[in-house]
Amino acid sequence: MSNTFQVDLRGIVDLLSHHLYASPRVYVRELLQNSVDAITAAGTPGLVSITTGDDALRVTDNGVGLTEAQVHELLATIGRSSKRDELGFARHEFLGQFGIGLLSCFLVADEIRVHTRRAGAEPVLWTGYSDGRYDVRPGDEREPGTTVTLLPRRGSEHLLTGATVRELATLYGSLLPVRVEVDGATVTTGELPWAGGDLRAYAQEVFGFRPLDTVPLDVPEAGLTGAAFVLPTPVNPAARGGHRVYLKRMLLAESVEGLLPEWAFFARCVVDSTELRPTASREALYDDSLLADTREAIADQLRGWLVRLATTDPRRLGEFLSIHALGVKALALHDDEMLRLVEQWVPLETNMGYVTLAEFRERHGVLRYAAGNDEFRQLASIAAAQDLGVINGGIVYSSDIVERLATVDPDVRVERLEPSDVAARFSAVDTETELRLRPFLTAAQRRLDRLGCEVVVRGFDPANVPALYLVSRAAAFNEQFTESRDAADDLWGGVLDALSRVTTVDRPQLVLNHRNALVRRITALGDPELAGLAVESLYGQALMLGQHPIRPADAALLTSSFMGLLDRAVPGEDNR
C-alpha cells in the first residue's frame with residue numbers, strides 16, 4: 001500500500017538540519033533513543049544491536065515493537081501527540097519521540113526501512129523515501145522488536161561507517177542501562193562514572209584536565225546525580241564553559257549551559273537527570289522552574305564544599321583561592337557565608353602588600369579603601385609613610401566587598417579614603433617659611449593657573465617624593481564637567497553654564513614637599529622664569545608618578561618646560 005506523508009518531507013528535513021539539530025551526527029542518538037524507549041515499554045532486559053557494512057546501517061532492538069496501525073500513527077502522521085499518548089510512548093520513562101527521531105535519519109539517508117513486530121501481531125515493513133513517499137506492507141517473520149535500516153544518501157556515507165557509528169554510539173549511549181553493541185562489540189558500561197572509579201582520570205578524559213578537586217552533586221528533586229570538577233588553572237569568568245549532561249543516561253550534549261550559577265565558572269560538571277526536560281532538539285536543557293531550582297541546589301553544594309574546606313583543609317582552600325578568587329568574591333556579594341570566607345582567606349591588594357581583610361582590620365582597625373586604581377596609585381606610598389593602611393578598591397569586587405562587610409557586621413568600620421584625607425596629615429610650613437615662599441608660590445600659581453591646578457607647599461614623608469598631584473572626587477567631577485561644557489553645542493553649553501554657577505569649584509592640587517631637597521632648591525631660586533620652568537617640570541613628574549592621564553595641554557606644557565630648561569642649560573643653541 002503506497003502513501004505519502006501528510007507534510008512535505010523535504011521541508012521537514014530542511015527544518016531538522018538547519019534549525020533543530022546542530023549536526024547530522026545526532027541521528028545515532030535518535031535511533032538509540034527509539035530503541036531504548038521500545039525496550040523500556042517492553043519491560044524486559046534489552047539489547048540494541050547495530051551493524052554496519054553492505055552499504056547500509058541496521059539498528060535492531062528486542063523492544064515492544066509496533067503494529068501496522070501504530071506504524072501509521074507514529075510514522076505517517078508527524079506531530080500527532082494525542083495518538084502517541086494513547087499508544088503509551090509519551091510516558092515519563094521515555095526519552096524521545098519516535099516519529100520525529102526517525103525523521104532525523106533523513107539527514108544522512110535517502111531511504112529508511114522499519115521492520116517491526118509487536119507480540120501477538122503480524123510483522124510490518126515500513127519504507128520511507130526522502131522525496132516524501134512511503135509504503136507499508138507485511139514484513140518477514142521475526143521475533144518481537146524492531147530493525148531500522150538506513151541506506152545512506154550521497155555524501156553522507158562516512159557517517160554510517162563502522163568506526164564513526166561506534167564512536168557516536170559510545171559517545172551518546174555508553175551509560176545506558178541496556179546493552180548496546182556495534183558490529184558485535186559492546187559500547188555500554190552500564191555504570192555511572194561518579195558512582196565509583198577514578199574521577200580525576202575521568203575528568204582528564206572528558207574535559208582534558210585533572211581537577212583540583214571534585215564535588216559530588218545530588219539533587220533528588222531533579223533525579224540528578226553527578227560531579228563537579230574544579231578547574232586547576234584560572235579561567236576567564238566571561239567564558240562560560242559547558243557541562244556534559246545525560247538524561248536518563250542518554251547523553252544530551254557535551255557543552256550544556258545554564259546548569260550552574262554564573263559565579264561557578266571555576267567548575268565543569270557531568271550529571272545525569274531523570275526529571276530535567278530537554279529542548280525540542282534535545283541538545284540543551286529547557287529553562288523552567290525545575291532547572292532554576294536545580295541550579296540553586298548545585299550552588300548550595302558548591303558553597304558548602306568551599307565552607308568545609310575552610311575548616312578541614314585550609315591549605316587546599318588557599319590553593320583554590322589563589323586560582324579562582326574572582327569567582328568567590330563574586331559570590332561573596334550575595335552570600336554571607338562566602339563573605340566571611342573572603343574576609344578570612346582572600347588576600348586583597350593594599351599599600352602594605354597583599355593581606356586578608358581580617359588581617360587588615362587587626363592591624364589598622366578601619367577598613368580604609370581607595371575607590372579606584374588611580375586613587376590607590378596616587379595615595380599608596382604616601383599613605384604608608386603616614387602609617388595609613390589603604391585597600392585598593394579598584395580591583396574587581398574589592399570595594400563592594402568592603403562596603404558589604406560593614407552592612408552585615410556592625411563592628412566593622414569602613415572609610416573611603418580621599419586625597420584630601422591624606423593631605424590633611426601633611427605638615428604646614430612654619431610662618432617664617434610661608435612668608436618667604438609667597439613670591440615663589442605666586443609665580444608658580446601663575447604658571448599653572450591655565451591648567452586649573454592649585455600649588456601648595458607642605459611637608460610629608462617620604463622625603464624623596466618631591467611633589468604629588470592630588471585630585472579629589474569633586475575636582476575630578478569638575479574636570480569632567482568642564483570638558484563636557486567645552487564640547488557641548490550652544491544649547492547644552494548654556495545649560496551647563498547655568499549649572500556651573502551652582503557647582504562648587506574644587507581644583508586639583510600640586511603639593512610640593514618642602515622636606516625634599518630638590519623642592520627646597522627650586523623655591524630658593526632667585527630667577528622667577530627658571531623657578532617657573534622647574535615647577536612645570538615637577539607638575540609633569542607628579543602626573544606621571546601618579547599615573548594620571550596626560551591631557552593635550554599637559555603634554556604641551558611638558559614640552560615647553562623641557563625646551564625652556566634646555567635653553568637655560570645650553571645657552572646660544574638654536575635647538576635645531
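For the sequence shown, UniProt numbering assigns the number 1 to the initial residue and increments by one for each residue that follows.
All residues carry an ideal CB built from backbone N, CA and C; glycine is no exception.
Predicted model only: the values in this text are computed from it and were never measured.
What did DSSP end up calling residue 445 once you bin it into helix, strand or coil?
helix
On the three-pair Cβ rule with 8 Å, is the region 118–134 touching the region 62–70?
yes
In its own chain, which residues sit with a C-beta less than 8 Å from the C-beta of residue 446, not counting the 5 before and 5 after it?
532
Using the C-alpha atoms, what's the distance from residue 37 back to residue 47?
Straight-line Cα distance between these residues: approximately 12 Å.
Evaluate the contact criterion for the region 339–356 versus the region 414–428: three or more CB pairs, one atom per stretch, below 8 Å.
Not touching, per the Cβ criterion.
Can you tell which of 140, 143, 152 has its C-alpha closest to the C-alpha of residue 129?
152
Buried or exposed for residue 324, going by 16 or more other Cβ atoms inside 10 Å?
buried
Look up residue 53 in the DSSP assignment and give the residues it is bridged to.
Answer by DSSP bridge pairing, in chain order: 56.
Does DSSP classify residue 185 as helix, strand or coil?
strand
When you compare the region 326–343 with the region 506–517, are there three or more beta-carbon pairs, one atom per stretch, that lie closer than 8 Å?
no
List in chain order: all unbroken beta strand (DSSP E) runs of 3+ residues lying wholly within the region 366–414.
366–370
Can you say whether residue 112 is buried or exposed, counting buried as having 16 or more other CB atoms within 10 angstroms of its CB?
Label assigned to residue 112: buried.
Within 10 Å of its beta-carbon, does residue 250 have 16 or more other beta-carbons around it, so buried, or fewer, so exposed?
buried
Are the region 360–370 and the region 382–394 touching by the rule of at least three beta carbon pairs closer than 8 Å?
Taking one beta carbon from each stretch, the region 360–370 and the region 382–394 have 3 or more pairs nearer than 8 Å; the two touch.
Bridge partners of residue 204, per DSSP?
Beta-bridge pairing links residue 204 to no other residue.
Could you tell me the alpha carbon to alpha carbon distance between residue 268 and residue 227, rounded to whole angstroms?
8 Å
May I ask you to list the residues that DSSP assigns as paired with residue 65?
Per DSSP, none; premise fails for residue 65.
Between residue 246 and the ligand MN, is the CB less than 6 Å from at least one heavy atom?
Judged by which ligands are present, the structure shown has none, so any question about the ligand MN falls away.
Going by alpha carbons, who is nearest to residue 438 out of 377, 523, 463?
523
Are three or more beta carbon pairs between the region 350–367 and the region 447–454 nearer than 8 Å?
no
Under the three-state reduction of DSSP, which class applies to residue 150: helix, strand or coil?
strand
Rounded to whole angstroms, how far is the Cβ of residue 344 from the Cβ of residue 358, which I believe are closer than 8 Å?
5 Å
I'd like to confirm the pairing. Which residues does DSSP put opposite residue 349 in its beta bridges?
354
Would you identify the three-state DSSP class for residue 214, choosing helix, strand or coil?
Assigned with DSSP and collapsed to three states, residue 214 falls in strand.
Which residues in the same chain have their Cβ closer than 7 Å to the Cβ of residue 558, if we skip the five residues on either side of it in sequence?
Residues 540 of the same chain have their beta carbon placed closer than 7 Å to that of residue 558, with the five preceding and five following residues left out of the count.
So for residue 236, helix, strand or coil by DSSP?
coil
Hey, residue 218 and residue 230: beta-carbon distance below 7 Å or not?
No.
Quick one: residues in its chain with C-beta nearer than 8 Å to the C-beta of residue 275, no 5 flanking neighbours on either side, listed in chain order?
221, 222, 223, 224, 290
Contact between the region 157–173 and the region 60–67: three or more CB pairs below 8 Å?
no
Per DSSP, residue 510 forms a beta bridge with which residues?
Paired residues: 455, 469.
In this structure, what does DSSP give as the bridge partners for residue 270?
227, 244
Shortest alpha-carbon distance to residue 526 belongs to which of 444, 188, 44, 277?
444
Please classify residue 272 as buried or exposed, where buried requires at least 16 other C-beta atoms within 10 Å of its C-beta.
buried
Should residue 431 be labelled buried (16 or more other beta-carbon atoms within 10 Å of its own) or exposed?
exposed
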